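Visitor: Sending over a structure as structure tokens; questions will come in a sec.
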Amino acid sequence: MTRIAVVDNEKLKDMDKKKHIQSLCPINRKGDECIYFEGSKLYIDEDLCIGCGICSNAAPEAIHIINLPEELEKDPIHRYGKNGFELFSLPTPIFGKVVGLLGKNGIGKSTAIKILAGVLKPNLGKDREASYEDLIKYFKGTEAQRFFEQLRDNKIKVSYKPQQVELIPKAKKGKVRDLLKSVDEKDELNTIAEKLELTEILDNDIKTISGGELQRVAIAATVLKKANLYIFDEPTSYLDIKQRLKVSRFIMELADKDTAVLVVEHDLIILDYITDLVHIMYGKEDCYGVVAHPRATKAGINTYLSGFLREENMRFRDYAIKFETRAKDNKNELELLTGWENIEKKLGKFKLHAKEGTVYKKEVVGILGENGIGKTSFIKILAGVIEKDKGKITKKIKVSYKPQYLDSESEELVLVLLQDVIRKHTNQVINPLNIKPLYEKKLNELSGGELQRVSIALCLGQDADLYLLDEPSAYLDVEQRLIISKIISDLMEISKKTAVVVDHDLLFIDYIAERLLVFDGKPAIEGTVKGPFSMEDGMNVFLKDLNITFRRDPESHRPRANKEGSVMDREQKSENKYYYS
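Take any residue in the sequence shown, count from 1 to its spot, add 338: that is its number in this note's numbering.
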């Protein structure tokens, strides 16, 4: 059995604690150096380690002793130094196909695609970079062998869109047009800008554009380079559902007999829509990751939801994620919480209208609509953050609000910020959100996903009648999104409270919401609030505007987008049934 030890010295700064952990080790007590120091850093000799777990019990957030599955007898493709994260195998790009990568955060998806993109040189678990010949030998007899042979012979040129597009303005200066012109190897700037709806912002400074615009600029910059492998790490972050579908179609069109496309995506509906094949990745966050064999997309996603890889005989989650058949609404049994009448708000040139609507106790209402159409403004009016110009809220209630953009500047400790939530809701909120490992971190040290989880915990931990959450799925992986939807649903049911949730992930909204508000209008000019509708009626209104139909997967019951022009797509449109609840 292969055993690895992972030590995070950043989380283990106290020297006295390190020495105490060293003194506990039975191998050290015998006189051997299983736990040792190099300077102030603590390390574990994996050959001497017997897997007793005493050191990891003493520092569970910083030390992990892991017995790897038998299939992983082979050396890793990459290891981040002594006692660091290990990655096993790589996804395989296939010409003419869009291949997806599906897995939790922290198990090496970005590492894997950085290796394929040539941004990170793999080391095969050694203390030196591997040569092409090493890699070709390592992958002998697989598709990856051919890939590295072609890469060595300069037959493959890679263009890569990184995950963190928000860092672009820190690295680049000037107008969008100049940035794109500097990478335009195809002389197609105007054509690509039109397809990605960037024409109107070409003369804007890169520092002034929105997150969604930055994402589309990054995609344009990637595609303007001459390449035959295009890699996109989370291409739909910051985009609304209409933009997600347009970008998906654009990326799908790149794949042909001479071009391969690789995509990392957490929105399961988009991943399903955009890819031909998916690699499932499993492992332990921040410790190791394994890339499984590719599967057809439908089978791959259903396998991921089941938590069991049949061919590999590997259970990577101890429960299956299931989508339940939705019960019909019965408003007569619900108790009214509050509502609104004839609300109007003007923000610069933008006008928001909300005629009338009500929300009930023990329900979750989803909000759908494109960017710039007033969703956040409406939520802020309900939260009392901004004042309405006209109209009224029918009943004053206590509100808890999680904003869209999260404050990451504070030096306050997570433990201090969430002390009331920890006292009252450890089992309902803190544990399922896995907040404990973050207790000793300052807010300005958190990643986007960590900050999101802390913000959701803070919101749900307040004593309120109505919980308003603006884009709670941003920065989170598939499993975290579905865990959060269950936390919210269960909390509203048990505490007889109400949640209103804005999000662009349709699968997340389908999983969490019982009714829907749909926003219509023209971005940056006017927005109209429609509903709340039943899920079926609301989704029909919303999807009809997008001209896309959804069916239920017979195995997992998850919603799946029909391919445009397919038999089911045509049939559902002819019946005016764009969505099945």
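Cβ coordinates follow ideal geometry from the N, Cα and C atoms, glycine included.
As the structure is a prediction and not an experimental result, all values here were calculated from the model.
For Gly677 and Val867, which I take to be in contact (beta-carbon distance under 8 Å), what is that distance rounded to the nearest angstrom?
Guide: 12 Å between Cβ atoms; not a contact.
Visitor: Does the distance from the CB of Asn709 to the CB of Ser746 come in under 8 Å?
Guide: Result no, Cβ atoms of Asn709 and Ser746 do not sit closer than 8 Å.
Visitor: Taking the alpha-carbon of Lys429 as reference, which of Asn405, Lys420, Ala455 has the nearest alpha-carbon?
Guide: Looking at the sequence itself, residue 429 is Pro, so the reference to Lys does not match. Among Asn405, Lys420, Ala455, the Cα nearest to that of Pro429 belongs to Ala455.
Visitor: Short check: CB of Gly930 to CB of Ile445, under 8 Å?
Guide: The question about residue 930 has no answer here: the residues shown for the chain are numbered 339 through 919.
Visitor: Alpha carbon to alpha carbon, what distance is there between Ser738 and Asp801?
Guide: About 8 Å.
Visitor: For Phe881, does the count of other Cβ atoms within 10 angstroms reach 16, so buried, or fall short, so exposed?
Guide: Checking the displayed sequence, the identity of residue 881 turns out to be Leu instead of Phe. Classification of Leu881: buried, given that the 10 Å Cβ count is 16 or more.
Visitor: Can you grab the Cα-Cα spacing for the pair Val879 / Ile453, in whole Å?
Guide: When rounded, the distance between both Cα atoms is 43 Å.
Visitor: Using a Cβ-Cβ cutoff of less than 7 Å, which residues in the same chain neighbour Glu679 once the five nearest sequence positions on both sides are dropped?
Guide: Within the same chain, Glu679 has close Cβ partners Glu694, Gly729, Lys730, Thr732.
Visitor: Between which two residues does the beta strand (DSSP E) containing Gly438 stretch?
Guide: Per DSSP, Gly438 belongs to the beta strand (DSSP E) from 436–440.
Visitor: In the structure shown, what three-state DSSP assignment does Lys513 receive?
Guide: Note: Lys513 maps to strand in three-state DSSP.
Visitor: Would you decide whether Lys564 is buried or exposed? Buried here means 16 or more other CB atoms lie within 10 Å of its CB.
Guide: Under this definition Lys564 is an exposed residue.
Visitor: Where do the N-terminal and C-terminal ends of the beta strand (DSSP E) with Glu682 fall, by residue?
Guide: Start and end: 674–685.
Visitor: Would you be able to state if there are at least three C-beta pairs under 8 Å between the stretch 436–443 and the stretch 604–620?
Guide: Result yes; three or more Cβ-Cβ pairs closer than 8 Å.
Visitor: In or out: Met619 buried (at least 16 other Cβ within 10 Å) or exposed?
Guide: Classification of Met619: buried, given that the 10 Å Cβ count is 16 or more.
Visitor: Can you tell me where the beta strand (DSSP E) holding Leu854 begins and where it ends?
Guide: Its beta strand (DSSP E) spans residues 853–860.
Visitor: Taking the alpha-carbon of Ala397 as reference, which of Lys511, Ser469, Val345 has the nearest alpha-carbon?
Guide: Residue Val345 is the option with its Cα nearest to Ala397.
Visitor: Drop a sphere of 10 angstroms on the beta-carbon of Met830, count the other beta-carbons inside from all chains shown, and report buried for 16 or more, exposed for fewer.
Guide: Buried.
Visitor: List the DSSP bridge partners of Phe426.
Guide: DSSP output for Phe426 lists Val628 as bridge partner(s).
Visitor: Can you list the beta strand (DSSP E) stretches of 3 or more residues lying completely in the stretch 534–592, in chain order?
Guide: Fully enclosed beta strand (DSSP E) runs of 3 or longer: 567–571.
Visitor: Are the stretch 859–876 and the stretch 884–896 in contact at 8 Å, needing three or more beta carbon pairs?
Guide: Not touching, per the Cβ criterion.
Visitor: Would Ser904 be called buried (16 or more neighbouring beta carbons within 10 Å of its own) or exposed?
Guide: Label assigned to Ser904: exposed.
Visitor: Please check the pair Gly391 and Asn405, which I expect to be a contact at CB under 8 Å, by giving their CB distance rounded to whole angstroms.
Guide: No, Gly391 and Asn405 are not in contact; Cβ-Cβ is about 10 Å, not under 8 Å.
Visitor: Just tell me which of Arg417, Ile768, Leu362, Ile735 has its CA closest to the CA of Leu458.
Guide: Of the listed residues, the one whose Cα sits closest to Leu458 is Arg417.
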